[in-house]
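Chains as they are written, first to last, in the working numbering: chain F, 22 to 505; chain L, 1111 to 1206.
Since the structure comes first, as structure tokens, the remarks are kept for the end.
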Amino acid sequence: MQLYEQTLTQVHDLLTKGEVTSREITEAFLRRIEAVEGSVQALVTRTPELALEQAQETDRRRQAGEDLPPLAGLPAVIKDNMSTRGIRTTCSSRILENFVPPYDATVVEKLRESGLVLLGKANMDEFAMGSSAENSAFFKTFNPWDLTRVPGGSSAGSAAAVAAGEAVYALGSDTGGSVRQPAALCGVVGMKPTYGRVSRYGLVAFASSLDQIGPLTRDVRDNASVLSAIAGHDPRDSTSAPLEVPNYTTFLTGDIKGLRIGLPKEYLAAGIDAPVRKAVDEAVRVLSGLGAEVEECSLPHTEYSLSVYYIIAPAEASSNLARYDGVRYGLRVSGDDLIGTYQQTRRQGFGSEVKRRIMLGTYALSSGYYDAYYLKAQKVRTLIRRDFDQAFARFDVLLTPTSPTTAFKVGEKVDDPLTMYMSDVCTVPVNLAGVPAISVPGGFDQGLPIGLQFIGRPFAEGDLYRVAYALEQTTDYHKQRPPL
Amino acid sequence: MKISTEMVEHVAWLARLAITGEEKEQLSAQLSRILDHMDKLNELDTTEVEPTFHVLDLRNVLRKDEARPGLTVEAALDNAPEREGNLFKVPKIVEG
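Below you can see the structure in the form of structure tokens.
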């Protein structure tokens, strides 16, 4: 097996046994990027010199006998909405095309301390708004399993890079499914941690009450390792939780005897493709066989989630994106006066989906409509949250599909925003409730990966890793690699 | 909910977005359709329900008022589209 096809855990073992150096690993990934990036297009910015420098530094420290963290010397890519000091951070937007941040996001700082080898910054839907990478202002990213199809979004480049062997692991961000849906469509593992589990300091804000950073990896163990490294309280993010972070790999026992798994019927209703539904049934069979107690349950307000999400997220976005005014950083397009400069900068700097959401959000917050839309949505959000509270009184985790379909064709939904929004139907309720969820490979349909989602109680990411790992051990879906 | 082109114009002004006539038509149609979908929320009686603005039960998070290192003036101005000395330069705001 090639180095670039291996898991984080496998590569880490080779490193610690001294069978390979970080430099050799990094070179293998750089060659792989060279070979496939022309067709996958996962990366907005590549940083090969930095990567080799960082690799050599960890090699030097390892040779000096230092005890290094588990991620040390392993090459990664980071979604281009996380601040990297001295490295362009664009959010795949014209308005930040030349923005070079003067500081690191907390997750980047943590990874640097863990011996990060950064290969590049991953393409995304502009400002994380989208489900297909088609909203990137620069170029599309393609699904490594079928280059005529989308990789999902918005963490498109992060998922595609891991699937294509362009990185050992990746970071993405998830506001309504943006880690889990591309993970599902690209056949990798993606975790959306509990709101507050990972610091958002330095993550370019989209919808601040929903955004959360999470890892994308080849398997569950890899994912647990990366989350262990990035999670934790940060005084610079007052919404980060002051709670201890467990070592998540300790949950990977394979034992799920007596685990109570709920199967919310609303997630298996109309609109879910038959092969996806079949994959859920198959997982239920396997999990029951392992001693879990699986039972149907109901989250009755699920059908309102999309409406709630597409009011709250654009409302928060319209406020967050007000900062892009061409004054202090980013693009400036001069107008007749200062207001004209704002208007022209934003007109030329933002793409059409971002503008649409700014308009939608501004409308929902505007005088006379606030109560009818924004306040109403926040109230229904309470009902959605209560559904989860009630379900978690009976169950330890919930099992659903991640996405109603496998990867769709490039261009298929691009003209119809509402249909595109529908692809988030299984993932947005999780962000609204602030609970954690993981997407894991659950099968294939005509060569395209299917993703299964486990949803857990707040700060019970360990339960999710436990059940996901147990399922993974009985299948080989995560061992398949795309025919690139 | 029908969003007229006049309403689109008003909202675009609030959002400081310049839009063309064609975009106005398109946004009017798209936003109307999206908001029609949102009207589904009116099926629910929420008079007794408290809103969830935030999932964490957070109170104000305070820290000691102590000076700490921050960005240097140069670092803060590095990305400025236009600067003059240590200032961000913008078009004239006040007539006179």
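Cβ coordinates follow ideal geometry from the N, Cα and C atoms, glycine included.
Which class does residue i belong to by DSSP, given the choice of helix, strand or coil?
{"i": "R478 of chain F", "result": "coil"}
{"i": "M212 of chain F", "result": "strand"}
{"i": "L1172 of chain L", "result": "coil"}
{"i": "M1148 of chain L", "result": "helix"}
{"i": "R1126 of chain L", "result": "coil"}
{"i": "R1193 of chain L", "result": "strand"}
{"i": "L420 of chain F", "result": "strand"}
{"i": "I99 of chain F", "result": "strand"}
{"i": "T105 of chain F", "result": "strand"}
{"i": "V511 of chain F", "result": "A query on residue 511 of chain F cannot be resolved here, the shown segment of chain F reaching from 22 to 505 and no further."}
{"i": "V219 of chain F", "result": "strand"}
{"i": "K430 of chain F", "result": "strand"}
{"i": "P503 of chain F", "result": "coil"}
{"i": "G472 of chain F", "result": "strand"}
{"i": "L231 of chain F", "result": "coil"}
{"i": "L224 of chain F", "result": "strand"}
If you draw a straight line from the alpha carbon of residue i to that of residue j, how long is it in whole angstroms?
{"i": "L51 of chain F", "j": "P69 of chain F", "result": "7 Å"}
{"i": "L340 of chain F", "j": "P1201 of chain L", "result": "The amino acid at residue 340 of chain F is misidentified as Leu; the sequence shows Ser. Going by the C-alpha atoms only, they are around 23 Å apart."}
{"i": "Y25 of chain F", "j": "H1164 of chain L", "result": "41 Å"}
{"i": "I293 of chain F", "j": "K299 of chain F", "result": "10 Å"}
{"i": "F429 of chain F", "j": "A85 of chain F", "result": "50 Å"}
{"i": "S261 of chain F", "j": "V121 of chain F", "result": "25 Å"}
{"i": "G382 of chain F", "j": "Q77 of chain F", "result": "47 Å"}
{"i": "R218 of chain F", "j": "A454 of chain F", "result": "14 Å"}
{"i": "L473 of chain F", "j": "F160 of chain F", "result": "28 Å"}
{"i": "P285 of chain F", "j": "R478 of chain F", "result": "15 Å"}
{"i": "K500 of chain F", "j": "M212 of chain F", "result": "18 Å"}
{"i": "V488 of chain F", "j": "E433 of chain F", "result": "34 Å"}
{"i": "F416 of chain F", "j": "S424 of chain F", "result": "22 Å"}
{"i": "L311 of chain F", "j": "P422 of chain F", "result": "20 Å"}
{"i": "V354 of chain F", "j": "N144 of chain F", "result": "24 Å"}
{"i": "L192 of chain F", "j": "S319 of chain F", "result": "32 Å"}
{"i": "R502 of chain F", "j": "T28 of chain F", "result": "11 Å"}
{"i": "T1182 of chain L", "j": "D1175 of chain L", "result": "19 Å"}
{"i": "I1113 of chain L", "j": "C447 of chain F", "result": "29 Å"}
{"i": "G1131 of chain L", "j": "T1115 of chain L", "result": "9 Å"}
{"i": "V315 of chain F", "j": "A412 of chain F", "result": "13 Å"}
{"i": "P123 of chain F", "j": "G107 of chain F", "result": "6 Å"}
{"i": "F480 of chain F", "j": "Y486 of chain F", "result": "12 Å"}
{"i": "E40 of chain F", "j": "M22 of chain F", "result": "14 Å"}
{"i": "E1184 of chain L", "j": "F1198 of chain L", "result": "11 Å"}
{"i": "R67 of chain F", "j": "P321 of chain F", "result": "46 Å"}
Is residue i near the ligand MN, going by C-beta to nearest heavy atom under 7 Å?
{"i": "F148 of chain F", "result": "Here there are no bound small molecules, and the ligand MN is not part of this structure."}
Looking at C-alpha atoms only, which residue of the options is the closest neighbour of residue i?
{"i": "T426 of chain F", "options": "F:E155, F:Q27, F:A295 and F:V210", "result": "F:A295"}
{"i": "A158 of chain F", "options": "F:A177, F:R115, F:D243 and F:E317", "result": "F:R115"}
{"i": "L130 of chain F", "options": "F:T105, F:H499, F:Y331 and F:L89", "result": "It is worth fixing the name first, because residue 130 of chain F is Glu in this sequence and not Leu. The shortest Cα separation from E130 of chain F among F:T105, F:H499, F:Y331 and F:L89 belongs to F:T105."}
{"i": "R81 of chain F", "options": "F:L386, F:T42, F:I459 and F:R367", "result": "F:T42"}
{"i": "D1149 of chain L", "options": "F:E74, F:S230, F:F371 and F:E324", "result": "F:E324"}
{"i": "V512 of chain F", "options": "F:Y442, F:R201 and F:L342", "result": "Because chain F spans 22 through 505 in this model, residue 512 of chain F falls outside it and cannot be assessed."}
{"i": "L1124 of chain L", "options": "F:A56, F:Y216, F:L89 and F:A336", "result": "F:A336"}
{"i": "V18 of chain F", "options": "F:N268, F:T127 and F:I54", "result": "Any question about residue 18 of chain F goes unanswered here, given that chain F covers just 22 to 505."}
{"i": "R1173 of chain L", "options": "F:A334, F:L95, F:D240 and F:D255", "result": "F:D255"}
{"i": "G94 of chain F", "options": "F:T37, F:A226, F:L237 and F:Y498", "result": "F:T37"}
{"i": "V418 of chain F", "options": "F:S460, F:V431 and F:M380", "result": "F:S460"}
{"i": "A63 of chain F", "options": "F:N164, F:T47, F:S199 and F:P91", "result": "F:N164"}
{"i": "D445 of chain F", "options": "F:D243, F:S153 and F:E493", "result": "F:S153"}
{"i": "L35 of chain F", "options": "F:R344, F:A72, F:P91 and F:E482", "result": "F:P91"}
State the start and end residues of the unbroken beta strand (DSSP E) segment that holds residue i.
{"i": "E317 of chain F", "result": "E314 to C318"}
{"i": "I251 of chain F", "result": "It is not in any beta strand (DSSP E) - I251 of chain F instead sits in the alpha helix (DSSP H) that spans V241 to I251."}
{"i": "A143 of chain F", "result": "V138 to A143"}
{"i": "I116 of chain F", "result": "Looking at the DSSP string, I116 of chain F is not in any beta strand (DSSP E), and its letter there is neither H nor E."}
{"i": "P462 of chain F", "result": "A458 to D466"}
{"i": "P236 of chain F", "result": "I234 to T238"}
How far does the alpha helix (DSSP H) with residue i in it reach, from first residue to last?
{"i": "I405 of chain F", "result": "K397 to R415"}
{"i": "N507 of chain F", "result": "The displayed coordinates of chain F run from 22 to 505. Any statement about residue 507 of chain F would go beyond what the structure contains."}
{"i": "S373 of chain F", "result": "S373 to L386"}
{"i": "R201 of chain F", "result": "R201 to C207"}
{"i": "I360 of chain F", "result": "L359 to G370"}
{"i": "V1204 of chain L", "result": "Neither: V1204 of chain L is in no alpha helix (DSSP H) and is coded neither H nor E."}
{"i": "Y442 of chain F", "result": "P438 to M443"}
{"i": "V1183 of chain L", "result": "V1183 to L1187"}
Quick check for students: name the residue ranges of the beta strand (DSSP E) that lie wholly in the segment 28-70 of chain F, counting only runs of 3 or more. Correct list: 64-67.
Enumerated in chain order, which unbroken segments of the alpha helix (DSSP H) with a length of 4 residues or greater are wholly contained in the segment 272-343 of chain F? Along the segment 272-343 of chain F, the alpha helix (DSSP H) occurs as fully enclosed runs of 4 or more residues at 295-310 and 326-341, listed in sequence order.
Give me the subset of the segment 365-385 of chain F whose CB atoms are less than 7 Å from a CB atom of chain B, sorted by chain position. Protein chains in the displayed structure are F and L, and chain B is not among them.
Within the segment 142-195 of chain F, ranges of the beta strand (DSSP E) (whole runs, at least 3 residues): The segment 142-195 of chain F contains these whole beta strand (DSSP E) runs: 190-194.
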